[in-house]
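Chains A and B, in that order, give the protein sequences. Here the first sequence stands for residues 1 to 450, where the numbers follow the working numbering. Here the second sequence stands for residues 1001 to 1450, where the numbers follow the working numbering. Structure record follows, encoded as structure tokens.
2 protein chains.
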Amino acid sequence: YVDQTIDHFGFLEDGTFKQRYLVADKHWKQPAGPILFYTGNEGDITWFCNNTGFMWETAAQLGAMLVFAEHRYYGESLPFGQDSYSDSKHLNYLTSEQALADFAVLIENLKSTLPGAQHSPVIAVGGSYGGMLSAWFRMKYPNIVVGALAASAPIWQFPGMVPCGDFYKIVTQDFARSGYNCDANIRKSWKAINNVTSTVSGLQWLSEEFNLCSPLKNVMDTVTFKNWLQETWVNLAMVDYPYEANFLQPLPPWPIQVVCKYLGFDSTVSDYELLHGVSQAAKIYYNYTGTSSCLNMSQTATGSLGYLGWFYQACTEMVMPMCTDGIQDMFEPEEWNFQAFSDECNAMFGVRPRADWAGTVYGGKDIASHSNIIFSNGGLDPWSAGGVNYNMTESLVSIVIPEGAHHLDLRYSNDHDPPAVRAARALEVKYFQKWISQAKKAPQTSEPNI
Amino acid sequence: YVDQTIDHFGFLEDGTFKQRYLVADKHWKQPAGPILFYTGNEGDITWFCNNTGFMWETAAQLGAMLVFAEHRYYGESLPFGQDSYSDSKHLNYLTSEQALADFAVLIENLKSTLPGAQHSPVIAVGGSYGGMLSAWFRMKYPNIVVGALAASAPIWQFPGMVPCGDFYKIVTQDFARSGYNCDANIRKSWKAINNVTSTVSGLQWLSEEFNLCSPLKNVMDTVTFKNWLQETWVNLAMVDYPYEANFLQPLPPWPIQVVCKYLGFDSTVSDYELLHGVSQAAKIYYNYTGTSSCLNMSQTATGSLGYLGWFYQACTEMVMPMCTDGIQDMFEPEEWNFQAFSDECNAMFGVRPRADWAGTVYGGKDIASHSNIIFSNGGLDPWSAGGVNYNMTESLVSIVIPEGAHHLDLRYSNDHDPPAVRAARALEVKYFQKWISQAKKAPQTSEPNI
């Protein structure tokens, strides 16, 4: 734990809190061996630590120390303890800028207190929002980190940067290629749900069919149910890994292919048959291990993620427009409605999102003057829609893993890894080595012009 | 005026205020002509506007629009109107990070609302603290500005970066080279003041000799008096321009030479004679025009600067260690005492400075990965002690003007300008043109690696 200033950007609030971080120095070559620094995202840092095998496998090769830093307001790093989420006053210090400042202060602290670390080059590593933080960390604090690996980091999933529909298009493509008629039947299922739930007995049938913990009671619950299903398909797209894994949920290899086995109907299927298939599919996601007594709509993935905190961040800085049209994607059409979103945020937290701020402060598409950032993206991952998928400059590079889901490259290597992810990891390590050797050369000085 | 968010880094305070900015578009070439953007510092923006003739003279050559943006909490840009300075709660949003965010938002606003400005490359220009802001603006928002001219910007005048005594050494050198025994007699004067003010009649004599508006009453006043004199010598070093000018005060050409004419005593001078010389010298600074009825110790320079605001900033982020030893400089020895300074800040504002923060957030000496910043410094200017005086990289360049005082290069050109400042201005414009033509080439894209 390290003492962190609650407000790095103001001096009225001068309290501190304990930020948690994990260190592994087994392979670290003192002095001045490199540090791989995981820029923690919206959840418990031990969970990210356990799901970032790439860092563990790379430590020996680089003689590196590993540091996993927890993001404020998540896990045990709560600025106001149990009160951290109590109101907008306590939530006011939950921003990405404060989190980056925490990381900077932590690294300076480690460098000044750990013998042998003073001249250690530090490389930021992160996935998803943690990957965005890694990229932004290198952009804003190049004095602190020599480079960054931003895995599956949708730094362009902000207003005006990418089409709002691309995210769900990718989800749809994943299902389309994973089984006959799979996307088409999901597209059909929404209407089937509407039809079936128009009667009380239909609501009851659906609740039983899906073995829901809380049965559906009315049309509001039907909306919740459809949102929950939609999120289920999205999550499956994120974790469509080639081997058995437990990231958001325990799942079989290529889980979408497994799910799609239940969704291969021809066009003549009845609503009830179709929804039976959907329920079988959903149970793959929610009950692969067979240990769930019922399906809980209020939790779609691991409890290690902090949903409320992330929702606050989405309601302030992390405004990520999403939309569906039901044609290029398999979901019910829904436009992006900023005003409605803002009103929802205001009702929930008493704050309103600032649509343009992230673009202003983190540069949007105008980031070419920065350096030493790898943007890796998986072709199966819907978040790649908002990612950097081309080389911007010689040192702002993109690595695309066509058969990769959400930051597959950060996971432990596996016999079933596709060749592209093996190549990606090797290339990432090559860049790390390049940055480390760059850092070892002292900055050159020359004479004044005049 | 533009509406600005009071707190860019938190969402609880969602109020706005009117930020003032000045625009001159007489020479602007639409569309996409460049914009020279003055990053306002601690004072009324009209005053900086009138003292930055370089921008006015350059506008025609570049076909540029000029924008002068006022820094929040100064001039008319008061976040809480008359209450802005009432307590630490209202002062909480007076930070350089907030000011930079204001500039970024203002520029994005201008680009989206001014016809023809959308693709205008913007260059930041500033002097002194405004120069620090220009440099930091390019570092933190390279998406907003293509380059920066940081004139006389002491970005390294922070703890651990440069020796604390260098500032006063330069002041001393200025006096040493401007007249026989000039520095030696000032060094002697402190003891003379102590001697003379040890009696009530001596206090009265000194007050009359200096024609002080408020006569000295006790030993506390003597300390104030010496601090005021010390600040007077510093200010003279800052504005030791080769021609008659009115920056901090109306002054003759090479004012230190004029001042030193009264301080050329040999070693045998009496305390009273010496202090008579000092008083003559001080009156050059405070009453060159002959219109002051008495010398006011509470104001050492123009009323266009916001002293209280700057003191708050010094008490929070802008911690600039200074010290004297009385040997290499002409002042009474005084060590840098962070704790005493912190206590003073706490008593005055209820805040404590964070000694390391500026170095962490703005990179200290580790800024070589940034680009397109000119650091210009004058050899006579004490602030050059904390400036960048060598080329760090090909695009982080230093321009030294040996005969220059505080940001002489930003002033209107003058027949008495030394050749070095003419060369400096020409080189600065050359860099501006280079950055502008770089910006006109669209960023190149290439294929993904894998």
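Just so you know, even glycine gets a beta-carbon here, dropped at the ideal spot from N, CA and C.
Item	Value
Tyr243/A beta carbon less than 8 angstroms from that of His416/A	yes
From Phe1158/B, Ala1064/B and Lys1169/B, residue whose alpha carbon lies closest to that of Ala1117/B	Ala1064/B
Beta-carbon spacing of Ile1193/B, Leu1275/B below 8 angstroms	yes
For Thr1058/B and Trp47/A, the rounded distance between their alpha carbons	57 angstroms
Those runs of the alpha helix (DSSP H) which lie wholly inside the region 42-122 of chain A and span at least 4 residues	45-50, 53-62, 88-91 and 96-113
Of the listed residues Gly127/A, Arg354/A and Gln313/A, nearest to Thr1481/B (C-alpha basis)	Summary: the structure shown does not reach residue 1481/B, with chain B confined to residues 1001 through 1450, and so no result is reported for it.
Beta strand (DSSP E) segment containing Ser1279/B, residue limits	Not the beta strand (DSSP E): Ser1279/B falls in the alpha helix (DSSP H), residues Asp1271 to Asn1287.
Same chain, Cβ closer than 8 angstroms to Leu1295/B, five either side skipped, listed in chain order	Phe1210, Asn1211, Leu1212, Cys1213, Ala1282, Lys1283, Tyr1286 and Asn1287
Beta-carbon neighbours of Ile1373/B, restricted to chain A and to distances below 8 angstroms	Going along chain A, no residue has its Cβ under 8 angstroms from Ile1373/B, so there is no contact; the nearest lies around 11 angstroms.
For Asn185/A, three-class secondary structure by DSSP	helix
Burial state of Gln98/A, where buried means 16 or more other Cβ atoms lie within 10 Å	buried
Straight-line gap, Ala347/A to Phe311/A (C-alpha atoms, nearest Å)	13 angstroms
Under the three-state DSSP convention, the category Gln4/A falls into	strand
Beta carbon proximity, Pro1142/B to chain A, threshold 8 angstroms	yes
8 angstroms contact criterion, which Phe80/A and Tyr21/A should meet: CB distance rounded	About 19 angstroms separates the two Cβ atoms, so there is no contact after all.
Rounded separation between Lys29/A and Ser120/A - CA only	10 angstroms
Under 9 angstroms (Cβ pairs) to chain A, residues found in the region 1350-1372 of chain B	Gly1350, Val1351, Arg1352, Pro1353, Arg1354, Asp1356, Trp1357, Gly1359, Thr1360, Val1361, Tyr1362, Gly1363, Gly1364, Lys1365, Asp1366, Ile1367, Ala1368, Ser1369, His1370, Ser1371 and Asn1372
Local conformation of Val1023/B per DSSP, three classes	strand
Chain B contact for Thr16/A (CB, 8 angstroms cutoff)	no
Assigned secondary structure, Asn227/A (DSSP; H/G/I helix, E/B strand, else coil)	helix
Ala1032/B to Gly326/A span [Cα, whole Å]	41 angstroms
Ala347/A beta carbon near the ligand GDP (any heavy atom closer than 7 angstroms)	The ligand GDP is absent from the structure shown, which contains no ligands of any kind.
Chain-ordered residues of the region 1299-1317 of chain B with a beta carbon less than 7 angstroms from chain A	Thr1316
Ile1144/B, enclosing beta strand (DSSP E) - first and last residue	No beta strand (DSSP E) contains Ile1144/B, which DSSP labels as neither H nor E.
C-alpha gap between Met297/A and Leu229/A, whole angstroms	9 angstroms
Distance, Ala1424/B Cα to Phe1054/B Cα	11 angstroms
Rounded separation between Val1186/B and Val1239/B - CA only	What sits at residue 1186/B in the sequence shown is Ile, not Val. Ile1186/B and Val1239/B: Cα-Cα distance of roughly 18 angstroms.
8 angstroms Cβ cutoff met for Val421/A and Ile401/A	yes
N- and C-terminal bounds of the alpha helix (DSSP H) containing Val239/A	No alpha helix (DSSP H) holds Val239/A; DSSP gives it neither H nor E.
Coarse secondary structure for Thr1360/B, derived from DSSP in three states	helix
Three CB pairs or more closer than 8 angstroms across the region 1405-1413 of chain B and the region 1373-1393 of chain B	yes
8 angstroms CB neighbourhood of Gln433/A in its chain, flanking five on each side removed	Leu62
Contacts of Gly1386/B in chain A (Cβ-Cβ under 7 angstroms)	Within chain A, no residue comes near Gly1386/B; the closest Cβ sits about 16 angstroms away, beyond 7 angstroms.
Segment limits, beta strand (DSSP E) that includes Ile35/A	Ile35 to Thr39
Interface flag, Ser1446/B vs chain A, CB-CB below 8 angstroms	The pLDDT assigned to Ser1446/B is 42, lower than 50, so where the model puts this residue is not dependable, and the model offers no usable value.
Beta carbon proximity, Asn449/A to chain B, threshold 8 angstroms	Any reading at Asn449/A must be qualified, since the residue scores a pLDDT of 38, below 50, and its modelled position is unreliable; the value itself is stated next. Judged by the 8 angstroms Cβ criterion, Asn449/A is in contact with chain B.
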